[in-house]
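Visitor:
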Amino acid sequence: MFKTVRCALFAGFDCKYSNTVLSKHTHLSKDCANKIRSCVIYGILRNMSGTVTVDVAQGSLRGKETTAKSGLKYYSFKGIPYAKPPLGQLRFKAPQPPEPWIGVRDAFKEGHICAQKDPVLQVFRGDEDCLYLNVYTPMVRNTATQTVDTKQNPNTEGPLKPVMVWFHGGGFVGGSGNSEIYGPDYLVAEDVVLVTLNYRLGPFGFLCLENEEVPGNAGLKDQVMALKWIQRNIRQFGGDPDNVTLFGESAGGCSVQYHMLSPMSKGLFHRAISQSGTAFHWWGFMNAGRDRAFRLGQALGCNTNSPDELLEFLQNAQTKDIVEAIPKVPSKAEKRQMVVFLFVPTVDKFAAADEVFLPAHPYDLISTGKFQHVPYIMGANSVEGLIHLHELTEARMKKIDSDLQSVIPIDAPVTLDTDHSLNTAKKLREFYLGSQAISEDSKAQYANLISESWFTYETYKSVKIMSALSTAPVYFYKFSFDGHLGLFKRLLGLQDFKGVCHADEIGYLFHIGMLDLDLDPSSPEFKTLTRMVKLWTNFAKTGNPTPEITPLLDVTWHPVEKNKSNYLNIDTTLAMHENYEQERMALWDSVYSSTDETKSKL
Numbered sequence: 001m002f003k004t005v006r007c008a009l010f011a012g013f014d015c016k017y018s019n020t021v022l023s024k025h026t027h028l029s030k031d032c033a034n035k036i037r038s039c040v041i042y043g044i045l046r047n048m049s050g051t052v053t054v055d056v057a058q059g060s061l062r063g064k065e066t067t068a069k070s071g072l073k074y075y076s077f078k079g080i081p082y083a084k085p086p087l088g089q090l091r092f093k094a095p096q097p098p099e100p101w102i103g104v105r106d107a108f109k110e111g112h113i114c115a116q117k118d119p120v121l122q123v124f125r126g127d128e129d130c131l132y133l134n135v136y137t138p139m140v141r142n143t144a145t146q147t148v149d150t151k152q153n154p155n156t157e158g159p160l161k162p163v164m165v166w167f168h169g170g171g172f173v174g175g176s177g178n179s180e181i182y183g184p185d186y187l188v189a190e191d192v193v194l195v196t197l198n199y200r201l202g203p204f205g206f207l208c209l210e211n212e213e214v215p216g217n218a219g220l221k222d223q224v225m226a227l228k229w230i231q232r233n234i235r236q237f238g239g240d241p242d243n244v245t246l247f248g249e250s251a252g253g254c255s256v257q258y259h260m261l262s263p264m265s266k267g268l269f270h271r272a273i274s275q276s277g278t279a280f281h282w283w284g285f286m287n288a289g290r291d292r293a294f295r296l297g298q299a300l301g302c303n304t305n306s307p308d309e310l311l312e313f314l315q316n317a318q319t320k321d322i323v324e325a326i327p328k329v330p331s332k333a334e335k336r337q338m339v340v341f342l343f344v345p346t347v348d349k350f351a352a353a354d355e356v357f358l359p360a361h362p363y364d365l366i367s368t369g370k371f372q373h374v375p376y377i378m379g380a381n382s383v384e385g386l387i388h389l390h391e392l393t394e395a396r397m398k399k400i401d402s403d404l405q406s407v408i409p410i411d412a413p414v415t416l417d418t419d420h421s422l423n424t425a426k427k428l429r430e431f432y433l434g435s436q437a438i439s440e441d442s443k444a445q446y447a448n449l450i451s452e453s454w455f456t457y458e459t460y461k462s463v464k465i466m467s468a469l470s471t472a473p474v475y476f477y478k479f480s481f482d483g484h485l486g487l488f489k490r491l492l493g494l495q496d497f498k499g500v501c502h503a504d505e506i507g508y509l510f511h512i513g514m515l516d517l518d519l520d521p522s523s524p525e526f527k528t529l530t531r532m533v534k535l536w537t538n539f540a541k542t543g544n545p546t547p548e549i550t551p552l553l554d555v556t557w558h559p560v561e562k563n564k565s566n567y568l569n570i571d572t573t574l575a576m577h578e579n580y581e582q583e584r585m586a587l588w589d590s591v592y593s594s595t596d597e598t599k600s601k602l
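Start counting the sequence shown at 1; every next residue gets the next number (full-length UniProt numbering).
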């Protein structure tokens, strides 16, 4: 499949590719992790030559001319501040506009990632000064000065390009928009402008005291600030501010749908794509924000009932200490129901009127049609739950098997340790496991259960409601191509399991800089990558992923029709199907529609 492999990760590392983990749960030797980072640097520094300077609202930026995998020349501007560093008294607060600078600012290097636990070394990484974005473009319009040879690369004039804005995943606690995972090569080759960015994570982005001082959702408001920056400045990079598509995966997919619900984001984008994440996902929304904030304070040694005292304490705490205290925050009940992301979006009705990002629960807004009616793509991978299998030690499997109520989503109308919850757990066991216990032999069945409870059911539910109410087309997909660019499945050592793992479609949209692979053009991986990029960029350009039938896109992707749940299956071929996972979705409909009198009274 691969013509050449430029990264030493496949050429004699002591750590094996099949056992390397690059998710938030990664545990690697320091030597192995450092070698992986060397690959990242190697990939990022390939073939950069001239520079080009553009003027933005804050000052002048000097970017690089770079060569994509295809040989295309494009311009790269990295580490652009889109907000004032959220330090000191600005910690936990809504972002402030960026400050201007004097002279020309080099935009050659990505900004700090936001404060988090390193997904490879499991140690603190990042900085609170992290509100930076990156712009990759095939054309710049405002060339204040340049050292590129415009005779060789005359892309300085022409029609404005569609803009695609990427929100990274990571459970709202980790990740970044950097090119080690999200390289722009394939997307910019399709004549679009790509913007990637960082936003505050964990408590820094989502602490909520349920008051005007700290109403929550600072991380989503960071994204709004970035979108406003794009509206003001993207023309200078050849981008069209009137043709902006938001897209994101996992927590990034949730973010996209949250912007569709937010009055703060109105008019800042025109199309949207949510990959494996929506505002309906229980792990991406919280009701218990204030309680969790006080538990964080207690974990750090602050025992108070005063929101003002807590805020003062937390604003003076060390960044690293806050990050390392997060595992101590979950309650016993939250641990039992696998609530691993503690600081996530919430209803911020306590904010000042012009700073309310989410005025009501996502379900209430969507079910009443109170969302931006723009063309929208939603979907999921075929076996999202594979991402959880690497955590399944024998002890963990026994614990879950003895308490299958723990897999019932926290937002389902089911109170644990009641007849209702026991019957629900029994129903789930019979459907997914039959007579088997959770063990090595039944991991694949358990992965299907987790796929539905964590990802696919709530995507399906969101598709069903929004397609019935939206005046714009809603497209639904299932990504089923299980190829070698499925990075996470392979790095987690899960190749023996069938299906596409959570996040494994990313390798078919972005150039993964840490690997820097050259694909054989005749491989199914190359064809699927080319197909995915074309579908996504067609949508960004026109609002229709298949505006015409071509040899590559030989099927028309129809929007969802009422009562059909029709979707595009993306595999070695493209095919339209109806009634998405009908039997499984009916099961989960019954879980969520069943009446639990105990919980309804809480």
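For every residue, glycine included, the Cβ atom is placed at its ideal position computed from N, Cα and C.
#1: Proline 98 and alanine 83 - do their beta-carbons sit closer together than 8 Å?
#2: Would you list the residues sitting across from histidine 558 in a DSSP beta bridge?
#3: On a CA-only basis, which of Thr424, Leu314, Ala317, Thr459 is nearest glutamine 275? Give me that one, please.
#4: Measuring straight from C-alpha to C-alpha, what distance separates lysine 117 and glycine 79?
#5: Who does proline 81 pair with in a DSSP beta bridge?
#6: Under a Cβ-count criterion, where at least 16 other Cβ atoms within 10 Å of its own Cβ denotes burial, should tyrosine 305 be classed as buried or exposed?
#7: Could you give the DSSP three-state label for cysteine 302: helix, strand or coil?
#8: At 3 residues or longer, and completely inside the segment 472 to 511: list those beta strand (DSSP E) runs for me, N to C.
#9: Can you give me the C-alpha to C-alpha distance between phenylalanine 206 and arginine 91, rounded to a whole angstrom?
#10: Nearest CA to the CA of threonine 471: which residue from Pro100, Lys93, Lys562, Ala288?
#11: Determine, using beta carbons only, whether valine 165 and leucine 246 come nearer to each other than 8 Å.
#12: Please give me, in chain order, every unbroken run of the beta strand (DSSP E) with length at least 3 that falls completely inside the segment 266 to 299.
#13: Where do the N-terminal and C-terminal ends of the beta strand (DSSP E) with aspartate 518 fall, by residue?
#14: Do you know offhand how far phenylalanine 108's Cα is from asparagine 134's?
#15: What is the rounded straight-line gap between the Cα of proline 547 and the Cα of valine 555?
#16: Starting from residue 611, follow its DSSP beta bridges and name the residues at the other end.
#17: Buried or exposed: which applies to alanine 586, given that a residue is buried once 16 or more other Cβ atoms fall within 10 Å of its Cβ?
#18: Just how far apart, CA to CA, sit threonine 542 and lysine 161?
#19: Starting from proline 307, trace the alpha helix (DSSP H) both ways and give me its first and last residue.
#20: Once you ignore the five residues that flank glutamine 445 on each side, which residues in its own chain have a CB closer than 6 Å to its CB?
#21: From this set, Leu358, Glu249, Tyr199, which residue's C-alpha is nearest alanine 226's C-alpha?
#22: Please list the segments of the beta strand (DSSP E) lying wholly inside the segment 538 to 585, counting only runs of 3 or more residues, in order along the chain.
#23: What is the C-beta distance between glycine 177 and glycine 169, in whole angstroms, given that I count them as a contact (C-beta under 8 Å)?
#24: Grouping DSSP H, G and I as helix and E and B as strand, with all else coil, what is glutamate 355?
#25: Give me the Cβ distance between aspartate 482 and valine 463, rounded to the nearest whole Å; I'm assuming they're in contact under 8 Å.
#26: Return helix, strand or coil for threonine 137, following the three-state DSSP convention.
#27: Measuring alpha carbon to alpha carbon, tell me which residue in Thr196, Ser590, Val214 is nearest asparagine 423.
#28: Could you tell me the boundaries of the beta strand (DSSP E) in which isoleucine 377 lies?
Guide: For this structure:
#1: Sequence index remark: in the sequence shown, residue 83 carries index 83 (1-based). Sequence index remark: in the sequence shown, residue 98 carries index 98 (1-based). In this structure, proline 98 lies closer than 8 Å to alanine 83 by Cβ.
#2: What you label residue 558 is simply residue 558 of the sequence shown in a count that begins at 1. In the DSSP output, where bridge partners are listed per residue, histidine 558 has none listed.
#3: Taking the first residue of the sequence shown as 1, we reach residue 275 at position 275. Considering only alpha carbons, the answer is Thr459.
#4: As a first step, residue 117 must be located in the sequence shown, where it is residue number 117. As a first step, residue 79 must be located in the sequence shown, where it is residue number 79. Going by the C-alpha atoms only, they are around 21 Å apart.
#5: Mapped onto the sequence shown, residue 81 falls at position 81. Tyr132.
#6: By one-based count along the sequence shown, residue 305 stands at place 305. Per the sequence shown, residue 305 should be read as asparagine rather than tyrosine. Asparagine 305 comes out exposed.
#7: Counting from one through the sequence shown, the residue named residue 302 turns up at place 302. DSSP places cysteine 302 in coil when its eight states are reduced to three.
#8: 474 to 479
#9: The count along the sequence shown starts at 1 and reaches residue 206 at position 206. The count along the sequence shown starts at 1 and reaches residue 91 at position 91. So the alpha carbons of these two residues sit roughly 11 Å apart.
#10: Within the sequence shown, residue 471 is the residue found at index 471, counting from 1. Minimum Cα distance to threonine 471 is reached at Lys562.
#11: If you number the sequence shown from 1, residue 165 lands on position 165. If you number the sequence shown from 1, residue 246 lands on position 246. Yes. Within cutoff.
#12: 271 to 275
#13: As a position in the sequence shown, residue 518 is number 518, starting the count at 1. 517 to 519 is the extent of the beta strand (DSSP E) around aspartate 518.
#14: The sequence position of residue 108 within the sequence shown is 108, counting from 1. The sequence position of residue 134 within the sequence shown is 134, counting from 1. So the alpha carbons of these two residues sit roughly 10 Å apart.
#15: The residue labelled residue 547 in the question sits at position 547 within the sequence shown. The residue labelled residue 555 in the question sits at position 555 within the sequence shown. Near 10 Å, if we compare the C-alpha coordinates of valine 555 and proline 547.
#16: For residue 611 there is no data in the structure shown, the boundaries of the chain being 1 and 602.
#17: Locating residue 586 in the sequence shown gives position 586, where the first residue counts as 1. Under this definition alanine 586 is an exposed residue.
#18: As a position in the sequence shown, residue 542 is number 542, starting the count at 1. As a position in the sequence shown, residue 161 is number 161, starting the count at 1. Going by the C-alpha atoms only, they are around 12 Å apart.
#19: As a first step, residue 307 must be located in the sequence shown, where it is residue number 307. Proline 307 -> alpha helix (DSSP H) spans 307 to 316.
#20: Position 445 of the sequence shown holds residue 445. If we look at glutamine 445 and ignore the five residues flanking it on each side, its Cβ neighbours are Tyr432, Leu433.
#21: Taking the sequence shown and counting its residues from 1, one reaches residue 226 at position 226. When each option's Cα is compared against that of alanine 226, the closest is Tyr199.
#22: 567 to 570, 574 to 577
#23: Against the sequence shown, residue 177 aligns to sequence position 177. Against the sequence shown, residue 169 aligns to sequence position 169. That pair is no contact at about 11 Å.
#24: The count along the sequence shown starts at 1 and reaches residue 355 at position 355. Glutamate 355: helix per DSSP, three-state reduction.
#25: What you label residue 482 is simply residue 482 of the sequence shown in a count that begins at 1. What you label residue 463 is simply residue 463 of the sequence shown in a count that begins at 1. Actually they do not touch by this definition, with Cβ atoms about 23 Å apart.
#26: Here residue 137 refers to the residue found at position 137 when the sequence shown is read from its first residue. Of the three classes helix, strand and coil, the one that applies to threonine 137 here is strand, per DSSP.
#27: Residue mapping note: residue 423 aligns to position 423 of the sequence shown, counting from 1. Measuring from the Cα of asparagine 423, the nearest candidate turns out to be Ser590.
#28: Taking the sequence shown and counting its residues from 1, the one referred to as residue 377 is at position 377. That run of the beta strand (DSSP E) goes 376 to 381.
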